[in-house]
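Student: Encoded as structure tokens, here's the structure I'll be asking about.
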């Protein structure tokens, strides 16, 4: 079929590095930032566990009797977990966007041999996935900030309980 022939042409087509190098570097930086957010969010969950495991028993029991402290600790873990999920989803959508970006470059190199509808379809996929990836990166960062604030407030409240 025409799609199979086009797929074979695209697979065999070499793309000069100059056509995608800057885009790939930007993609890699975005993925590195997402990776750091992921590590921090996972570390935040570990910090909650560490705090709860290493507080003096009396202080822990007193703190966990306080409903706001329990709610703050729980909310911080949920926010950290949501930040992890957003970071992972961001990586998924960013990789998909880069695939479609390279497809567009290849289709444009083919010129008239590539159907305009295929170029347009890949451009739409690319744009949608780039926008989702950007939104998810922002979401992961904000959730991490919120989780850290909630954890800080919970810890401070526990320190001042009588």
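Numbering (our numbering), first residue to last: 523 to 684.
Beta carbons: idealized from backbone N, C-alpha and C, even for Gly.
#1: Measure how close the beta-carbons of residue 652 and residue 619 come, nearest whole angstrom, since I'm counting them as under 8 Å.
#2: Apart from the five residues just before and just after residue 636, which ones in its own chain have a Cβ nearer than 6 Å to its Cβ?
#3: Is it buried or exposed for residue 674, if we count other Cβ within 10 angstroms and need 16 for buried?
#4: Jot down the residue ranges of each uninterrupted alpha helix (DSSP H) in the segment 567–598, minimum 4 residues, whole runs only, in chain order.
#5: So is residue 554 buried or exposed if we call it buried at 16+ other beta carbons inside 10 Å?
#6: Rounded to whole angstroms, what's the CA-CA distance from residue 655 to residue 578? Just pull it up for me.
#7: By Cβ distance, which residues of its chain are closer than 8 Å to residue 610, with the 5 residues on each side in sequence left out?
#8: From the DSSP output, in three-state form, read off residue 633 for me.
#9: Using CA coordinates, which residue listed in 584, 600, 545, 639 is at the minimum distance from residue 668?
#10: Looking at the structure shown, is residue 560 part of a helix, part of a strand, or coil, going by DSSP?
#11: What is the residue span of the alpha helix (DSSP H) that residue 682 lies within?
#12: According to DSSP, is residue 536 part of a helix, a strand, or is it coil?
#13: Within this structure, are the beta carbons of residue 613 and residue 657 separated by less than 7 Å?
#14: Determine the burial state of residue 527: buried for a count of at least 16 other Cβ atoms within 10 Å of its Cβ, exposed for fewer.
#15: Using the Cα positions of residue 624 and residue 542, report the straight-line distance between them to the nearest angstrom.
Tutor: This is what the structure holds:
#1: Numbered from its first residue, the chain shown carries residue 652 at position 130. Numbered from its first residue, the chain shown carries residue 619 at position 97. Yes, residue 652 and residue 619 are in contact; Cβ-Cβ is about 4 Å, under 8 Å.
#2: Within the chain shown, the letter at position 114 stands for residue 636. Cβ neighbours of residue 636 beyond the five flanking positions: 629.
#3: Here residue 674 is taken as the residue at index 152 of the chain shown, counted from 1. Answer is exposed; the Cβ neighbour count stays below 16.
#4: 579–587
#5: Counted from its first residue, the chain shown places residue 554 at position 32. It is exposed - the Cβ of residue 554 has fewer than 16 other Cβ atoms within 10 Å.
#6: For the purposes of this step, residue 655 is identified with residue 133 of the chain shown, where counting begins at 1. For the purposes of this step, residue 578 is identified with residue 56 of the chain shown, where counting begins at 1. Taking the straight line joining both Cα atoms gives about 42 Å.
#7: Taking the chain shown and counting its residues from 1, one reaches residue 610 at position 88. Cβ neighbours of residue 610 beyond the five flanking positions: 560.
#8: Here residue 633 is taken as the residue at index 111 of the chain shown, counted from 1. DSSP places residue 633 in helix when its eight states are reduced to three.
#9: Mapped onto the chain shown, residue 668 falls at position 146. That would be 600, whose Cα lies nearest to the Cα of residue 668.
#10: Numbered from its first residue, the chain shown carries residue 560 at position 38. In this structure, residue 560 counts as helix in the three-state DSSP scheme.
#11: The count along the chain shown starts at 1 and reaches residue 682 at position 160. Run containing residue 682: none; DSSP gives neither H nor E here.
#12: For the purposes of this step, residue 536 is identified with residue 14 of the chain shown, where counting begins at 1. Residue 536 falls in the coil class under three-state DSSP.
#13: As a working mapping, residue 613 is identified with position 91 in the chain shown. As a working mapping, residue 657 is identified with position 135 in the chain shown. No.
#14: As a position in the chain shown, residue 527 is number 5, starting the count at 1. It counts as exposed.
#15: If you number the chain shown from 1, residue 624 lands on position 102. If you number the chain shown from 1, residue 542 lands on position 20. Cα to Cα, the separation comes out at about 7 Å.
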